[in-house]
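Reading through the structure tokens given below for one structure.
In mature numbering (1 follows the signal peptide of the UniProt record, and there is no 0), the protein residues as written are -19 to -1, 1 to 303.
Pasting the structure below:
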């Protein structure tokens, strides 16, 4: 992932974080740790992707393996680091060399996924762990080091440190995942195939951009319908079939709170495409566990003049992008 692309993704994350206490704190302190400092460095230091060690910032985006050390120069009360890997990888995190005062209100927490504007990705409905099981709290552990592994290609840490010169080192490693499920795309353009082999599980591919999505191949175990069902709030659609693909759009990351744009519960080998003019566009594969389901799709960033402003293909445009 290039530094320029990482900066672009980080801009999208900031737009989704808008309105949170974390964002307000970062905006008040952006001269040293904020967004513009990060983007400026990312644009100038393309070789950073290959550096094994570097400092960790109060608000940071990590897309490479390595050792990232945070040392507070002043009280840092609302910090977060977003970690992202390739779709076919999960993330192993370890905290070491920790010197914080938990009794004074310091904390470091690892989260299995991302939290943006109070919403979780993957959603609680689609994640294999209960919500409280997705957090690993350093201050609640008796061990001198804490580690965890994500269930998908994104993870994050939250931390608060009051005393100068206190800090920690975060070790990031990536592990191959043979059956990726619940993926956050690093790019606004690309292609992907999701496969769910005999597992009762829902998998989402999330793209934090307004995009056009083209489904090029879909193989479902039980094909009982032969039509696309737009706006499932008006028609029963595919939800009763147990195995289907749905396209979602919204301005958050929790798929259970996003708008259903269309769903398909029949196999196809051809082209079905849809423009989703939202901050977040999602392809979600719902599987009953009785079959091997597969969906292949392509996606590309919409130009500003392509973002739907009126009804198109009998689908309402729920989202507006400034």
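Even for Gly, the Cβ is constructed at its ideal location relative to N, Cα and C. The structure presented is a predicted model; accordingly, all values stated were derived computationally and were not measured.
For residue 139, which of 262, 118, 129 has the nearest alpha-carbon?
The residue labelled residue 139 in the question sits at position 158 within the chain shown. That would be 118, whose Cα lies nearest to the Cα of residue 139.
Going by beta carbon distance, what residues of the same chain come within less than 7 Å of residue 317, once the five residues before and after it are set aside?
Since the first and last residues shown for the chain are -19 and 303, residue 317 lies out of range.
Just to confirm my understanding: we take residue 120, look at its own chain, exclude 5 residues before and 5 after, and list those with CB closer than 6 Å. What are they?
Stepping through the chain shown from its first residue, residue 120 is reached at position 139. If we look at residue 120 and ignore the five residues flanking it on each side, its Cβ neighbours are 83, 88.
Rounded to whole angstroms, how far is the Cβ of residue 327 from the Cβ of residue 288, which I believe are closer than 8 Å?
Limits of the chain in this structure are -19 at one end and 303 at the other, which puts residue 327 out of reach.
For residue 269, which option in 112, 181, 195 has the closest C-alpha, if you only look at C-alpha atoms?
Looking up residue 269 in the chain shown gives position 288. Residue 269 has its Cα closest to that of 181, out of 112, 181, 195.
Along the beta strand (DSSP E) that carries residue 255, what are the first and last residues, could you check?
Taking the first residue of the chain shown as 1, we reach residue 255 at position 274. Looking at the DSSP string, the run of the beta strand (DSSP E) that includes residue 255 is 249 to 257.
Taking just the CA atoms, how far does residue 247 sit from residue 201?
Sequence index remark: in the chain shown, residue 201 carries index 220 (1-based). Sequence index remark: in the chain shown, residue 247 carries index 266 (1-based). The alpha-carbon atoms of residue 201 and residue 247 are separated by roughly 6 Å.
Identify the continuous beta strand (DSSP E) that holds residue 184 and give its terminal residues.
Position 203 of the chain shown, counted from the first residue, corresponds to residue 184. Taken as a continuous stretch (DSSP letters only), the beta strand (DSSP E) holding residue 184 covers 183 to 188.
Please name the residue in 145, 229, 77 whose C-alpha comes closest to that of residue 188.
Residue mapping note: residue 188 aligns to position 207 of the chain shown, counting from 1. Residue 188 has its Cα closest to that of 229, out of 145, 229, 77.
Do residue 245 and residue 198 have their C-beta atoms closer together than 9 Å?
Here the question's residue 245 lines up with position 264 in the chain shown. Here the question's residue 198 lines up with position 217 in the chain shown. No, these two residues do not count as a Cβ contact at 9 Å.
When you compare each of 73, 174, 77 to residue 149 by their alpha carbons, which one comes out closest?
Position 168 of the chain shown, counted from the start, is the residue given in the question as residue 149. Nearest C-alpha to residue 149: 77.
Assign residue 271 to one of two classes, buried (16 or more other C-beta atoms within 10 Å of its C-beta) or exposed (fewer than that).
Working through the chain shown from its first residue, we reach residue 271 at position 290. Exposed, since its Cβ has fewer than 16 Cβ neighbours within 10 Å.
Using the C-alpha atoms, what's the distance from residue 116 back to residue 168?
In the chain shown, residue 168 corresponds to position 187, counting from 1. In the chain shown, residue 116 corresponds to position 135, counting from 1. Cα-Cα distance, rounded: 27 Å.
So what does DSSP say about residue 45, is it helix, strand or coil?
For the purposes of this step, residue 45 is taken as residue 64 along the chain shown, with counting starting at 1. Coil.
For residue 200, which three-state DSSP category applies?
Within the chain shown, residue 200 is the residue found at index 219, counting from 1. When DSSP states are grouped into helix, strand and coil, residue 200 belongs to the strand group.
Let me confirm a value: residue 258 is counted as buried when at least 16 other C-beta atoms fall within 10 Å, else exposed. Which label applies?
Along the chain shown, read from residue 1 onward, the residue named residue 258 stands at position 277. Classification of residue 258: buried, given that the 10 Å Cβ count is 16 or more.
Measuring alpha carbon to alpha carbon, tell me which residue in 274, 63, 283, 273 is nearest residue 151.
For the purposes of this step, residue 151 is taken as residue 170 along the chain shown, with counting starting at 1. Ranking 274, 63, 283, 273 by CA distance to the CA of residue 151 puts 63 first.
Would you decide whether residue 238 is buried or exposed? Buried here means 16 or more other CB atoms lie within 10 Å of its CB.
Residue numbering aside, residue 238 sits at position 257 when the chain shown is read from its first letter. When all chains shown are included, residue 238 counts as exposed.
Measure the beta-carbon distance from residue 280 to residue 129 and round it to whole angstroms, keeping in mind my assumption that it falls under 8 Å.
In the chain shown, residue 280 corresponds to position 299, counting from 1. In the chain shown, residue 129 corresponds to position 148, counting from 1. In fact, because the Cβ distance is near 30 Å, the residues do not count as touching under 8 Å.
So residue 261 is in the beta strand (DSSP E); what residue range does that whole segment cover?
Looking up residue 261 in the chain shown gives position 280. That run of the beta strand (DSSP E) goes 261 to 267.
Under 7 Å Cβ to Cβ from residue 10, same chain only, skipping five residues before and after it: list those, please.
Here the question's residue 10 lines up with position 29 in the chain shown. For residue 10, the pLDDT reaches just 43, beneath the cut-off of 50, and the residue's location in the model is therefore unreliable, although a value from the coordinates is still provided. Closer than 7 Å at Cβ, skipping near neighbours: no residue.
Quick one: residues in its chain with C-beta nearer than 8 Å to the C-beta of residue 310, no 5 flanking neighbours on either side, listed in chain order?
It is not possible to answer for residue 310, since the shown part of the chain is limited to -19 through 303.
Along the beta strand (DSSP E) that carries residue 114, what are the first and last residues, could you check?
What you label residue 114 is simply residue 133 of the chain shown in a count that begins at 1. If you look at residue 114, you'll find it isn't in any beta strand (DSSP E); DSSP assigns it neither H nor E.
Can you tell me whether residue 85 is helix, strand or coil according to DSSP?
In the chain shown, residue 85 corresponds to position 104, counting from 1. Note: residue 85 maps to helix in three-state DSSP.
Identify, in the order they occur along the chain, each residue of the same chain with its Cβ nearer than 8 Å to the Cβ of residue 208, setting aside the five sequence neighbours on each side.
Locating residue 208 in the chain shown gives position 227, where the first residue counts as 1. Because the pLDDT at residue 208 is just 40, under 50, the model does not fix this residue reliably, and the point stays unresolved.
Return the chain-ordered list of same chain residues with a C-beta closer than 6 Å to the C-beta of residue 12, the five sequence neighbours on each side being excluded.
On the chain shown, position 31 is the one that residue 12 refers to. Legend: pLDDT at residue 12 = 35, less than 50; position of this residue unreliable, value from coordinates given subsequently. There are no such residues.
Suppose you measure from the CA of residue 17 to the CA of residue 41; what does that come to, to the nearest Å?
Within the chain shown, numbered from 1, the residue matching residue 17 stands at position 36. Within the chain shown, numbered from 1, the residue matching residue 41 stands at position 60. Confidence at residue 17 is low in this model, with a pLDDT of 40, below 50, so its placement is unreliable and the value that follows should be read with caution. The straight-line gap from Cα to Cα measures roughly 11 Å.
I need the DSSP call for residue 285, collapsed to helix, strand or coil.
To locate residue 285, count along the chain shown from 1; it is residue 304. Helix.
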